[in-house]
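Written out below as structure tokens is the structure these notes cover.
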């Protein structure tokens, strides 16, 4: 009687997005930036310094070989720059109890670690940087939009102007992949530095990074596309009803007491403005922005 060896099933592949800061920033006298250039140079790096419990739990769930989107964060143009993989599964983040480390945690205890990290291995740089602006732009599009732009070349320029030629080349995304992008925690949760990614979303980002096709798009708020190829315009905000109009409506309803009160306030305001050399102050918020 022969025995068949038991099949050992490997855990299913998981996909992640992990953020790093590509621009120079000094914390406690030490540089903490880590760009795609730095990552490519070192090859393998420990992912230390994570001090968020949700992000820590995500790292503890990682398995060797899991695929990772390497994301530039806290910079002028945030986005996904490279593909990496989990090289070593989670182990205690010893930097938490090193007092000289930028992310030292005085409450952390080496005998009972609070924080964990993994080692990441650089795989490949994406030929086309997949910016957050692009993903947010696609978040507002339907697959029918992409199909319309790809097949209606004569009408697309009328609808989208400078975007038409570029987005015609992005119809390679399937409807499933486009919907997966829209559900990415990067777009729905935002700030978490270690995030799960669906397989379809991972593949969509990887394909975008490989094929490009959006180089001339202006990432402004997209216009809605009508079936005739024209672009609808957003309605201007409704102007607030003026005080004078409200006063007039009150008078027309015969509310003499309230109308007289408003008229008295208006006269008082006019007298104060005449007596003052300084006009009404405008809000400086617009200038501040």
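Residue numbers (this note's numbering): 1 to 289.
The beta carbon of each residue, even a glycine, is placed where N, CA and C say it ideally should be.
Boundaries of the alpha helix (DSSP H) in which residue i is found, first to last residue
| i | result |
| --- | --- |
| residue 36 | 36 to 42 |
| residue 292 | A question about residue 292 goes unanswered here, because the residues of the chain that appear run from 1 up to 289. |
| residue 64 | Where residue 64 is concerned, there is no enclosing alpha helix (DSSP H), given that its DSSP letter is neither H nor E. |
| residue 178 | 175 to 182 |
| residue 185 | 185 to 188 |
Collapsed DSSP secondary structure at residue i in the structure displayed
| i | result |
| --- | --- |
| residue 128 | strand |
| residue 48 | coil |
| residue 210 | helix |
| residue 116 | strand |
| residue 121 | strand |
| residue 33 | coil |
| residue 109 | strand |
| residue 196 | strand |
| residue 10 | coil |
Unbroken beta strand (DSSP E) run spanning residue i, endpoints
| i | result |
| --- | --- |
| residue 83 | 79 to 92 |
| residue 17 | 15 to 20 |
| residue 70 | 67 to 72 |
Same chain, Cβ closer than 7 Å to residue i, neighbours up to 5 away in sequence not counted
| i | result |
| --- | --- |
| residue 125 | 36, 40, 81 and 82 |
| residue 30 | 102 |
| residue 77 | 131 |
| residue 199 | 15 |
| residue 51 | 103, 105 and 115 |
Cβ-Cβ separation, residue j to residue i (assumed contact under 8 Å), whole Å
| i | j | result |
| --- | --- | --- |
| residue 197 | residue 102 | 27 Å between Cβ atoms; not a contact. |
| residue 65 | residue 13 | 7 Å |
| residue 110 | residue 104 | In fact, because the Cβ distance is near 12 Å, the residues do not count as touching under 8 Å. |
| residue 89 | residue 123 | 17 Å between Cβ atoms; not a contact. |
| residue 87 | residue 119 | 4 Å |
| residue 187 | residue 136 | 7 Å |
| residue 173 | residue 201 | Their Cβ separation, rounded to whole angstroms, is 11 Å, which puts residue 173 and residue 201 out of contact at 8 Å. |
| residue 178 | residue 138 | 6 Å |
| residue 121 | residue 43 | 7 Å |
Cut-off 6 Å between Cβ atoms - residues of its own chain near residue i, not counting five sequence neighbours on either side
| i | result |
| --- | --- |
| residue 75 | 22 and 23 |
| residue 48 | 93, 95 and 117 |
| residue 193 | 19 and 55 |
| residue 107 | none |
| residue 212 | 128 |
Close Cβ partners of residue i (< 8 Å) along its chain, the five nearest in sequence each way excluded
| i | result |
| --- | --- |
| residue 11 | 63 |
| residue 189 | 195 |
Checklist entry - Should the region 112 to 130 be regarded as contacting the region 58 to 77, the criterion being three or more beta carbon pairs within less than 8 Å? => result yes
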